[in-house]
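Protein chains in written order, with our numbering: chain S, 1 to 312; chain X, 1001 to 1317.
Written out as structure tokens, the structure is:
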């Protein structure tokens, strides 16, 4: 694998850069700035950083107020803890059509040592269901920056899902990712692997393995889950025998769910979902072992591809 | 300028309307009568001079024209305008309208609207008609009392009769719970306990940009059960949001029954004071008292958020 960076570092550095350009950008924190790294923004722009203490529901309300008053608030905390303010996000921010951005770090299993209380496997499902909410999941450091910039430039609420640290490179530069447009990273005619987040890199590795076995594999980075790039998904369903959807999320309701909903109606296609099944997560002393434990690995993806082809 | 005055400064201004003589003798007498230290009074008198509200001629103090204007605005007499007493009969009419309005929709939260009607009426009169309040944003945290807001808005020409009557109809802009656009509220409410957080956010943005004015938020007493209200109460004082004015409609009732039977709210004043708020209690059906309290709340920019407990209910057990 290529160079490995950190999601939260990339996010926080990009945030400071964008803060220089956007005077109305305000960051709202619930006592986790040193963990989400928004502390960098706080140091650079102390008057545009709001600390509300450990109170996520209040944090979302404060952000709603800042947005009403014309600022562009970015709420940042661990994805798991933002979910306790889901109702406020739905009722104040989304229903009010407010320009509030959510940057949720430590998503998926990336907070491996903290265990199931901190690991978040449900956020994509509950965020994408909210009317008007955009959901983005960057695959690496450069795309974190691109998608953050895009998220801040579109009007209305955006939920950005970020891992903690482990961010192996997928893209060479920032400009390669655009909000709302899935990226085909390699073409293929047997199967298509649609992935988001850190699993994109894994999918590219799995595709190499599959190629070696003579299986032509397409890989798509579906970094924007809402609005879903329907054309790209439908095209993949026409050009291959089936889709493997890989995400560091519950197999229920996430990217796999979004793609299944689309294809079931528009073009029934064989799908295998690779994700976490029937679990809240668990502690591990390292991240990769934990991913592997749930089948989120190159081998797990290869196995899923074979399921589709063996049925064919 | 009047918004920067503290209580000592206001008392000095008021005393000067009656007093003729040296400033020192006035302050000494006030110090004895009010139990305030002489040096505190002297400091504040000096501040009033800097603000151009009082002037000294051979140590004799008198009010400047700006000072007199402020005293006039603040005096109880100035507030006892015909407009305010007319609100009494207006309130009766609006109550009757409310009852009729809500009949087709099973009396939708009628009591919750009735209890805060006078609060909203006093607020809008002070804001829109008299121009005495500097309201930058209004949030109806108890969103189910939207009908009360709607009938009052109608009185001030912000809604027409036809729109008002369409409340809750399919396709009507007037939702039963408050939403921006159709009404003057800043954010949609209806889910309880969220309004104060939003008020804080608006107030913070105003401070960031150096804007004047106040964010008003009307809370129900029942919704104080929500933890978020107390998160927000703490945020407001921690951030020194003296541009937030919260009004609790203390009607002593919530959905299931008396507030103190469902979940204790008392000692309400002490709780908010402990959270770092300045608290005033007032008869929530007395328009004069409500308006005076709101004006005073706007005057004291002392770094503390302001709460008005508006008593609107009879029984409290």
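Built from N, CA and C at the ideal position, the CB exists for glycine as well.
Worksheet item: residue 127 (chain S) to residue 48 (chain S), Cα distance in whole Å?
Response: If I take the Cα positions, the gap works out to 26 Å.
message = Does the contact criterion of 3 or more C-beta pairs under 8 Å hold for the segment 1190-1201 of chain X versus the segment 1216-1231 of chain X?
response = Yes, they touch.
* Please classify residue 58 (chain S): is it buried, with 16 or more other beta-carbons within 10 angstroms of its beta-carbon, or exposed? => buried
On the three-pair Cβ rule with 8 Å, is the segment 136-143 of chain S touching the segment 158-166 of chain S? yes
Smallest Cα separation from residue 231 (chain S): which of S:56, S:263 and S:176? S:263
- Going along chain S in order, which residues have a C-beta closer than 7 Å to the C-beta of residue 1288 (chain X)? Close partners of residue 1288 (chain X) in chain S (Cβ separation under 7 Å) are lacking, with about 31 Å as the shortest Cβ gap.
**OP:** Check each candidate in X:1190, X:1055, X:1047 and X:1288 and name the one with the smallest Cα separation from residue 1122 (chain X).
**Re:** X:1288
Original post:
Going along chain X, which residues have a C-beta under 7 Å from residue 47 (chain S)?
Top reply: 1208
Practice prompt. Could you tell me which chain X residues have their CB closer than 8 Å to the CB of residue 229 (chain S), listed as they occur along the chain?
Written response: Ordered by position in chain X, no residue passes the 8 Å Cβ test against residue 229 (chain S), which lies about 31 Å from the chain.
>> According to DSSP, is residue 106 (chain S) part of a helix, a strand, or is it coil?
In response: The answer is coil: DSSP assigns residue 106 (chain S) none of H, G, I, E or B.
### Query
Going along the chain, which residues of its own chain have a beta-carbon closer than 7 Å to the beta-carbon of residue 1304 (chain X), five neighbours each way excluded?
Answer for residue 1304 (chain X): 1237, 1242, 1276, 1277 and 1278, listed in chain order.
*asked:* At the level of alpha carbons, what is the spacing between residue 229 (chain S) and residue 222 (chain S)?
replied: Residue 229 (chain S) and residue 222 (chain S): Cα-Cα distance of roughly 8 Å.
contact_flag[the segment 1243-1261 of chain X, the segment 1084-1091 of chain X] where n(CB pairs < 8 Å) is 3 or more = no
Worksheet item: Taking the alpha carbon of residue 1284 (chain X) as the point to measure from, which residue in X:1307, X:1311 and X:1228 has its own alpha carbon closest?
Response: When each option's Cα is compared against that of residue 1284 (chain X), the closest is X:1311.
Below-7 Å beta-carbon distance, residue 156 (chain S) vs any chain X residue:
no
key: Extent of the continuous beta strand (DSSP E) to which residue 287 (chain S) belongs   = Element bounds for residue 287 (chain S): not the beta strand (DSSP E) but the alpha helix (DSSP H), 287-293.
Q) Taking the Cβ atom as the reference point for each residue, do residue 272 (chain S) and residue 250 (chain S) lie within a distance shorter than 7 Å? A) no
* Exposed or buried, what is residue 71 (chain S) when buried is set at 16 or more other beta-carbons lying within 10 Å of its beta-carbon? -> With 16 or more Cβ atoms within 10 Å of its Cβ, residue 71 (chain S) is classed as buried.
Exercise for the section: Would you list, in chain order, the members of the segment 1187-1201 of chain X that have their beta-carbon closer than 9 Å to a beta-carbon of chain S? Expected result: 1187, 1188, 1189, 1190, 1191, 1193, 1194, 1195, 1196, 1197, 1198, 1199, 1200 and 1201
May I ask you to list, following chain order, the residues of the segment 1162-1181 of chain X that have a beta carbon less than 9 Å from some beta carbon of chain S? If the cut-off is 9 Å between Cβ atoms, the segment 1162-1181 of chain X has 1179 and 1180 near chain S.
*What three-state label does DSSP hand residue 197 (chain S) in the structure shown?*
coil
**Asked** Excluding sequence positions up to five away, which residues of its chain have a Cβ less than 7 Å from the Cβ of residue 306 (chain S)?
**Response** none
Discussion item. Please confirm whether residue 292 (chain S) has its beta-carbon closer than 7 Å to some beta-carbon of chain X.
Written reply: no
Original post:
residue 45 (chain S) by DSSP, collapsed to three states: which one?
Top reply: coil
Discussion item. Once DSSP output is grouped into helix, strand and coil, what is the label at residue 1281 (chain X)?
Written reply: Here residue 1281 (chain X) sits in strand by DSSP.
**Q.** Whole beta strand (DSSP E) elements within the segment 121-148 of chain S, 3-residue minimum
**A.** 134-136
Below 7 Å between beta carbons: does that hold for residue 1188 (chain X) and residue 95 (chain S)? yes
**Q.** Classification of residue 199 (chain S) by the beta-carbon crowding that lies within 10 angstroms, buried from 16 upward
**A.** That one is buried.
query = Looking at chain S, which residues of the segment 1135-1147 of chain X have a Cβ within less than 8 Å of any of its Cβ atoms?
reply = 1137
Which residues DSSP lists as bridging residue 29 (chain S), in chain order: S:51 and S:76
Note to self: Quick check for students: name the residue ranges of the beta strand (DSSP E) that lie wholly in the segment 245-294 of chain S, counting only runs of 3 or more.
What the structure shows: 271-276
Would you mind telling me which residues of chain C sit closer than 7 Å to residue 95 (chain S), beta carbon to beta carbon, in chain order? No chain C appears in the structure shown, which is made up of the protein chains S and X.
Q | Extent of the continuous alpha helix (DSSP H) run through residue 1027 (chain X) | A | Run containing residue 1027 (chain X): 1023-1034, per the alpha helix (DSSP H) assignment.
**residue 58 (chain S): contacting residues in chain X (beta-carbon distance under 7 Å)** = 1197, 1228, 1231, 1232 and 1235
Is residue 213 (chain S) helix, strand or coil when you go by DSSP?
coil
Item checked: CA nearest to the CA of residue 156 (chain S), picked from S:193, S:174, S:289 and S:98 -> S:98
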